[in-house]
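Report on the structure given below.
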Amino acid sequence: MTTYAAERPLQPAWRGLIGFNMMTALALGAGGWFLGAWIGGQMAVGKDYLLATDQNDVGILMGYLFGLIGWLGGLGFFNYPVSRLLGRPASVREKESGGWGRYFTLCTDHKVVGIQYFFGVGIFFFIGGLNAMLMRTELLRPVERAWPAGQYLSLMSLHGTMMIMMTSAFILGPFGNYFVPIMIGARRMAFPRIEALTFWLVPAAGLILLSAIAFGGIPTGWTGYAPLGTEGRSGMDAYIFSFMLIGISLTLTGINLLATILTMRAPGLTWSRLPIFVWGVLSTSILMALAAPVLIAALLMELMDRAANTTFYLASAGGSPYLYENLFWFFGHPEVYILALPGFGIVLEILPVFTRKPLWGYKLAVAGMLGVTFLSFMVWQHHLFVSGINAGLRPFYMLTTELISIPTGFIFLNAMGTLWRGRIRFSVPMLFALAFFFNFLIGGLSGIFLSDVPSDVTTHGSYFVMAHFHYTIMGGLVFAFFAAVYYWLPKMTGLVLNERLAKIHFWLMFVFFNLTFFPLFAAGFLDMPRRVSTYAPSLQTLNDFVSASAFVLGSSMLIFIANLIYSLVFARIPAEENPWASRGLEWQVPSPVPVENFERIPVINSGPYEYGVEGAPPTATLGPAAVAAAGS
Ligand code: HEM
Ligand SMILES: [Cu+2]
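Residues in the sequence shown are numbered consecutively from 17, following the numbering used here.
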């Protein structure tokens, strides 16, 4: 392996800061913002409908647009296309084998992108978590205390939007990018530059969303409903612009992963040998590629309603707010499976390793994932049950929604069949995987109440819904994320994570997650409404209990962060190549994984879950017998 650092001439430390990297990107992004805002201001002069309000949406949106161009330019995204247009060879060194700098710039190594995602998304997820702590502080008392109602609403919207934006790429970002190419025996993704772009759009979106605080906040929650979304203060521009960037990132991620999995599998990797995590990624990618463009379109129209005087969602001028709701949820429902399906993939990937048994019902699991993918495009109007639209269509959407529990049930059958009579090792990844099933079961069962029209009419808009989706997203996705972290981080970093801290993290998170969110089902039945900071005084004891639990839940994240810092910075104990004795192909390569992943493209001999199967050959042949450079 070459180390570029040694070949480069020595230079003063500050010199490393100049060039195409995050520092430059921040500077050009800020500069672009001011330039764009100024141009937007000039454009708006003389437009009565803009001057009639106290805000200039054109200026703000142009600021974001130019800021984004500056950000991407500063990272070096235009170097390659410009060089090529001018007929020069590409000038930027995109794939380095060493050095910290590659984590702070455009890098086309899928493993670097995975780690960028892990930390990048993690930081914004943490900010979203801090917002939750602030909300729970306000909810300690039934009356308005720290924040006036409008600010609480804004805080709540910021929390919800940030969480949804960041968790959309919570598993596919770090682990999809890092492991899918390795698990299918490839050296890279199909479109490495697009892969880098999908990551660098995410921190831009996070920063832009945060800037909403400076422009009057977000009054709509994470759903951005019209007409409030078109009437709200300029903070809505931040919401719209940042969510559009996430939409673009999701679309491109989906297309890239689909192309990679469909065309770059190693010889012998048939569809029935594909790791179940890759099936989860594949079905999620279908959802991303088909649903996220609809979000972009819906938000683009909202943006134009705000800044260009169109009336797509304005009922008084021939538009309809229902159009927004339909488009939003046509994306929004598949979105909840964009969150959940990679989680299914992770837990089913982990279960066989820690039970030392083949995955029970592999084909059923694949059918379950594809079934969920297919059905999730046919249920979106269950979010509009009480909106007043199409009462006659309610039974149809009730039926399709309840049908989804069948393919979802397959995943539970797989889990139970795999656990049955297994020799279970309760290592930390396994604990998180088991907790996933416990939490997701409660989330799923409570979902039946919401898919059923009569009970949805009474629970809609209450804390019951709050409890339901936190059980599925946090109890499901976030627990699956941590299962993946403890399972795969030793391969990604080459270092061992401290087991005792990991166990403390798990038990605190599991116990206090349930103590935080289970009582909220009761709060919902007792009529506590969502999205407001005040509630009936009789509910204070319940809420104080929930807040106290939430603070412990929040601090369990600090234990995880402490573990990361302790294990990766101070202890630095090298991890074994295959600490869980897994058959997965990703565990058969050295740690840390070499830049090219494999010396030769491997040949796959058997499925990855044949634990305890007599005479099962090793998963893959990696040595010189493997096909020389096939597909590279
Ligand atoms: C410590 C963990 C968490 C706590 C204590 C917490 C608490 C809350 C609270 C108090 C609300 C507002 C309720 C209301 O007034 O209506 C809320 C809303 C929300 N949360 Fe969380 N949350 C946590 C984690 C998460 C996670 C991990 C996600 C997603 C990955 C998430 C997604 C959301 C969403 C989407 C909303 C709804 C926003 C809306 O109504 O538009 N939360 N959360
Ligand atoms: Cu839905």
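The beta-carbon is built from N, C-alpha and C at its ideal position, and this holds for glycine as well.
Keep in mind that this is a model prediction, so the values were computed, not measured.
- The DSSP assignment places complete alpha helix (DSSP H) segments of no fewer than 4 residues inside the region 384-447 at 410-419, 421-435, in order along the chain.
- Burial is judged here by how many other beta carbons sit within 10 angstroms of a residue's own beta carbon; aspartate 64 has fewer than 16 and is exposed.
- Pairing valine 494 with leucine 42, the inter-Cα distance amounts to about 30 Å.
- Assignment of alanine 451 by DSSP, reduced to helix, strand and coil, places it in the helix class.
- Buried is the label assigned to leucine 169, since at least 16 other Cβ atoms lie within 10 Å of its Cβ.
- When DSSP states are grouped into helix, strand and coil, threonine 121 belongs to the coil group.
- At least one heavy atom of ligand 1 is found less than 7 Å from the C-beta of serine 173.
- About 37 Å separates the Cβ atoms of isoleucine 312 and glycine 377, ruling out a contact at the 8 Å cut-off.
- Histidine 486 sits away from leucine 466, with the two beta carbons spaced by 8 Å or more.
- The three-state secondary structure of threonine 246, taken from DSSP, is helix.
- In this structure, arginine 157 has its CB at a distance of at least 7 Å from all heavy atoms of ligand 1.
- In this chain, the alpha helix (DSSP H) harbouring leucine 278 covers 251-279.
- Per DSSP, the beta bridge partners of alanine 636 are Ile620.
- Leaving aside the five residues that flank glycine 477 on each side, the residues in its chain whose CB is nearer than 7 Å to its CB run, in chain order, Pro545, Arg546.
- Those residues that bring their Cβ nearer than 6 Å to a heavy atom of ligand 2 are His349, Val352, Val395, His398, His399.
- Distance from the CA atom of phenylalanine 141 to the CA atom of glutamate 630, rounded to whole angstroms, is 45 Å.
- Met482 is the residue among Met482, Phe412, Ile405 whose C-alpha sits nearest the C-alpha of histidine 175.
- Looking at the DSSP output, leucine 511 bridges to Pro590.
- Secondary structure note for isoleucine 366: its alpha helix (DSSP H) is the uninterrupted segment 337-371.
- Relative to ligand 1, methionine 385 has its C-beta separated by 7 Å or more from all heavy atoms.
- For phenylalanine 50, same chain residues with a beta-carbon under 8 Å away, outside a window of 5 residues either side, are Gly79 in chain order.
- Counting only the Cα atoms, glycine 201 lies some 11 Å from threonine 279.
- Methionine 181: member of the alpha helix (DSSP H) spanning 165-183, first to last residue.
- Straight-line measurement puts the Cα of threonine 434 at about 11 Å from the Cα of isoleucine 427.
- DSSP, read as helix, strand or coil, puts proline 309 in helix.
- In this structure, the beta-carbon distance from leucine 517 to isoleucine 575 falls below 8 Å.
- Taking alanine 591 as the centre and dropping the five residues before and after it, the same chain places the C-beta of Pro506, Lys507, Thr509, Gly510, Leu511, Val512, Ser607 closer than 8 Å to its C-beta, in chain order.
- Under the DSSP definition of a beta bridge, proline 545 partners with Ser478.
- A distance criterion of 7 Å places the beta-carbon of isoleucine 180 in contact range of ligand 1, judged by its closest non-hydrogen atom.
- For ligand 1, no non-hydrogen atom lies closer than 7 Å to the CB of histidine 521.
- Sixteen is the threshold: since fewer than 16 other Cβ atoms of the shown chains lie within 10 Å of the Cβ of methionine 432, the residue is exposed.
- Inclusion of alanine 308 and leucine 266 in the CB contact set at 8 Å is warranted, their separation being smaller than that value.
- The three-state reading of DSSP puts valine 629 in coil, since its state is none of H, G, I, E or B.
- The C-alpha of valine 297 is placed about 15 Å away from the C-alpha of histidine 126.
- Taking C-beta atoms under 8 Å as the contact rule, isoleucine 366 and tyrosine 503 qualify, at a distance of about 6 Å.
- Look at isoleucine 200 here: in three-state DSSP terms it is coil, with no helix or strand label.
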